Amino acid sequence: MHSPTTSSKTMKPRNILGFIAGLATFAFAYGCHAASGQSTSISNTQNSEVHNSSQGASQTELAREWGLTPQEWSRFQTVMEGPRGIYSPGLDPLTALGIEAKSEEERRRYAELQVRAERQRIDKELAYQRAYDQAFARLYPNEKVIQLSSNPASAPGSGALTAVKGTGRLAVFVQDSCNACIDRVKDLQNQKQSLNS
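Mind the numbering: the sequence shown is residues -29 to -1, 1 to 168 in mature numbering (1 follows the signal peptide of the UniProt record, and there is no 0), read in order.
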């Protein structure tokens, strides 16, 4: 049987060997990573040189699509590489540049560009929604886009009421300055009615 002091003496060399082996493994892995990073850096540089000419054209096209100059597009990219990109990832160019505008005139310009862009986007989406609604009515003339029940007995005109079960909580929507609405919500709260907020 070994005494505790003998046991601890034999453990020390093992611990040291384990530590050295771990350190060597770490150093080897770090060296491999550094070497691969250098080759990756070289290949990335080569790839970026090849793609710079084609990217220049596409960057110009992207800038034009948003109503921006190539310089403004470059500034947008710089802005999104900084804190703004961390705080608000995925921002569109007009919003990002408007938030980070250097003057009121610049901010106003980006706001006007965005209003025009949003108007065009909404017009397109509404036109598509109208086309969708027409297609649905044409393909499924006897169905509603949204049906609360798949039970044929609850179809309109069948005389049956559609039962929609909820959680027992009310969802209440009010206008900010509607005193009558606020009074009604207070009444519901006094009645201990569960409300979604």
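By construction, the Cβ of each residue, glycine as well, lies at the ideal position given by its N, Cα and C atoms. On a predicted model such as this, the values are computed, not experimentally measured, just so you know.
Boundaries for V145: no alpha helix (DSSP H) harbours it, and the DSSP string shows neither H nor E there. In the structure shown, the three-state DSSP call for L33 is helix. Going by C-alpha positions, K73 is about 13 Å away from A82.
Taking a contact as a CB-CB distance under 8 Å, the pair W37 and L65 counts as one, their CB atoms being some 6 Å apart.
Take the alpha-carbon of T31 and the one of T40: they are about 8 Å apart. The Cβ neighbour count for F47, taken over all protein chains shown within 10 Å, is at least 16; the residue is labelled buried.
Note: N167 is bridge-paired with A142 in the DSSP secondary-structure output. Residue environment: G69 is assigned as buried (16 or more neighbouring CB atoms within 10 Å of its CB, all protein chains considered). Remark: C-beta atoms of V86 and A67 do not approach each other more closely than 9 Å. Under a 10 Å Cβ-count criterion, E76 is classified as exposed, with fewer than 16 other Cβ atoms of the shown protein chains found around its own Cβ. Take the alpha-carbon of C152 and the one of Q91: they are about 36 Å apart. One Cα belongs to E52, the other to S45, and the distance between them is close to 11 Å. Taking C-beta separations shorter than 7 Å and ignoring five residues to either side along the sequence, the partners of E71 in its chain run V50 and R55, following chain order. Around the beta-carbon of E96, fewer than 16 other beta-carbon atoms lie within 10 Å, marking it exposed.
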